[in-house]
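First comes the structure, then the notes that go with it.
Residue numbers (this note's numbering), protein chains in the order written: chain S, 148 to 257; chain R, 15 to 134.
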């Protein structure tokens, strides 16, 4: 049972806009920056969004992040087949004094 | 180019010990906090431990407290994870990661991971 809650799966067709939610509490998302990671099978996760809505250099602007209260979202617009991957949200939890991740969302491009 | 290369994984019996290492290059290691994150086969990511840039603060997930110890050697650009009293549920790929979950710096970077398998 992950501290942050994500839907296990999401899907969309090429060109569509897809959003992935991440729900937490006041001790983590409500009081911490949220980061999002993208992971392809057999590879290490890669930072996609940091500080709720910032993109590292090299990440396409099709990817965007937002946060409101104790929930965060990752949006992918203009969906492409190469976006098919697992996506994880993460934050710091002040009550646990540690990092927390969502359970991950497997994105399928139909 | 930033590189994080983990080593030390392998097969170990339940109750045994293992020491993971992470060799860092391509950035000023002594300026960054570091973490270990693991991923059990077919499962999601789990943060394991964090160490501040100067080693003055360390935090662990509850399930490894008292069994795992994170450390660093800034002179050797090296991060370590000493794992004792290993259990089957510690079986996972262990990633060395620059920075920590929830960081605002945007500098997170992960190594390719090393597999730890604990047999009963």
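Glycine included, C-beta positions come from ideal geometry on N, C-alpha and C.
{"Query": "Give me the subset of the segment 83-115 of chain R whose CB atoms are less than 8 Å from a CB atom of chain S, sorted by chain position.", "Result": "109, 114 and 115"}
{"Query": "Spatial neighbours of residue 160(S) within its chain, please: CB distance less than 6 Å, with the 5 preceding and 5 following residues excluded, ordered by chain position.", "Result": "257"}
{"Query": "Quick one, which of 151(S), 227(S), 164(S) and 162(S) has its alpha-carbon nearest residue 171(S)'s?", "Result": "151(S)"}
{"Query": "Mind checking the segment 225-247 of chain S against chain R and listing, in chain order, the residues whose C-beta falls within less than 7 Å of any C-beta there?", "Result": "235, 237, 238, 239, 244, 245, 246 and 247"}
{"Query": "Please report how far the alpha carbon of residue 230(S) lies from the alpha carbon of residue 254(S), in whole angstroms.", "Result": "8 Å"}
{"Query": "Alpha carbon to alpha carbon, how far is residue 53(R) from residue 103(R)? Give it in angstroms, no decimals.", "Result": "11 Å"}
{"Query": "Using a threshold of 8 Å, state whether the C-beta atoms of residue 108(R) and residue 100(R) are closer than that.", "Result": "no"}
{"Query": "Would you list the one or two residues that DSSP bridges to residue 240(S)?", "Result": "245(S)"}
{"Query": "Below 8 Å between beta carbons is the criterion; list the residues of the segment 56-75 of chain R that meet it against any residue of chain S, in chain order.", "Result": "58, 59, 60, 61, 64, 73, 74 and 75"}
{"Query": "Establish whether the CB of residue 17(R) and some CB of chain S are separated by less than 8 Å.", "Result": "no"}
{"Query": "Please state the DSSP three-state secondary structure of residue 229(S).", "Result": "helix"}
{"Query": "So, are the CB atoms of residue 110(R) and residue 61(R) less than 8 Å apart?", "Result": "no"}
{"Query": "Taking any Cβ of chain R, which residues in the segment 155-184 of chain S have a Cβ under 8 Å from it, in chain order?", "Result": "175, 179, 180, 181, 182 and 184"}
{"Query": "Does residue 212(S) have its Cβ less than 8 Å from a Cβ in chain R?", "Result": "no"}
{"Query": "Just list the beta strand (DSSP E) runs in the segment 51-130 of chain R, keeping only unbroken ones of 3 residues or longer that don't cross its boundaries, in chain order.", "Result": "59-65, 72-74, 82-87, 92-97 and 106-112"}
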